[in-house]
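Per my numbering, the sequence shown runs over residues 2 to 159.
Encoded as structure tokens, the structure appears first; notes follow it.
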Amino acid sequence: TTEIYTLSLHDALPIFYLKLNYSDALAINGNTQLACQIAKEALQNALLLKDSFVLADTYQDLANSYIDLSQLDSGLICAKKAYALQPINTFSCTLALADAYFAADSVRQTISLLSNTRATRAMDKYVSFQLLSKAALKDENWTVADCYMDSGFCIFYG
Numbered sequence: 002t003t004e005i006y007t008l009s010l011h012d013a014l015p016i017f018y019l020k021l022n023y024s025d026a027l028a029i030n031g032n033t034q035l036a037c038q039i040a041k042e043a044l045q046n047a048l049l050l051k052d053s054f055v056l057a058d059t060y061q062d063l064a065n066s067y068i069d070l071s072q073l074d075s076g077l078i079c080a081k082k083a084y085a086l087q088p089i090n091t092f093s094c095t096l097a098l099a100d101a102y103f104a105a106d107s108v109r110q111t112i113s114l115l116s117n118t119r120a121t122r123a124m125d126k127y128v129s130f131q132l133l134s135k136a137a138l139k140d141e142n143w144t145v146a147d148c149y150m151d152s153g154f155c156i157f158y159g
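Right, dumping it as structure tokens:
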């Protein structure tokens with residue numbers, strides 16, 4: 002819709018994020034094809050808004066949709082764009098890229114990215130350790146996988 006562009010960025014953001022939230026809700030409810038279509042529409046709006054936060058969020062949602070649709074190359078491309086566009090280091094973009102690497106069987110890149118990044122929130126740390134554990138298991142490194150699982154467990158129950 003063109004009316005989003007006649008609004009100021011401040012006024013357009015709630016309308017824009019309603020579309021992204023709708024895409025997320027569709028994906029959660031298993032309608033990934035439609036979620037991907039809505040995210041692509043949101044991307045067209047985001048490109049016109051030219052805001053790096055909006056673009057990073059949109060590429061991140063689009064990456065998740067592509068990965069859910071087993072379009073792993075497209076998912077990885079979008080996750081890399083989200084990671085590169087984030088104006089500040091948001092850990093959700095890091096996790097999205099690590100997840101895309103993992104889905105594309107780039108286990109070593111998953112481990113490298115998460116090992117060189119530090120989460121600050123407990124839930125981000127937990128998800129990071131779980132993904133590191135899955136990557137180590139895929140790499141058949143049982144001892145390291147166990148260590149990551151224990152680290153993730155200790156965050157909440159330590």
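Just so you know, even glycine gets a beta-carbon here, dropped at the ideal spot from N, CA and C.
What you are looking at is a predicted structure, and each value in this text was computed from that prediction instead of being measured.
Between residue 21 and residue 43, the CB-CB gap stays under 8 Å. In the assembly as shown, residue 123 is an exposed residue. Its beta-carbon has fewer than 16 other beta-carbons within 10 Å.
Excluding its 5 nearest sequence neighbours in each direction, residue 156 has C-beta neighbours in its own chain below 8 Å: 123, 126, 127, 130, listed in chain order. If you draw a 10 Å sphere on the C-beta of residue 17, you find 16 or more other C-beta atoms in it, and that means buried. For the pair residue 132 and residue 100, the CB atoms are nearer than the 8 Å cut-off. Rounded to whole angstroms, the gap between the alpha carbons of residue 134 and residue 49 is 39 Å.
Check the Cα spacing between residue 69 and each of 120, 117, 25, 116: the tightest is with 25.
Take the alpha-carbon of residue 33 and the one of residue 66: they are about 6 Å apart. Here the C-alpha atom of residue 116 lies approximately 18 Å from the C-alpha atom of residue 85. Sequence-distant Cβ neighbours of residue 39 in its own chain, meaning closer than 7 Å and more than five residues away, are 20, 23, 24, 27. It is roughly 42 Å from the alpha-carbon of residue 109 to the alpha-carbon of residue 12. Within the model, the alpha-carbon separation for residue 47 versus residue 90 is close to 19 Å.
A distance below 6 Å between beta-carbons, with the five flanking residues on each side excluded, links residue 74 to no residue of its chain.
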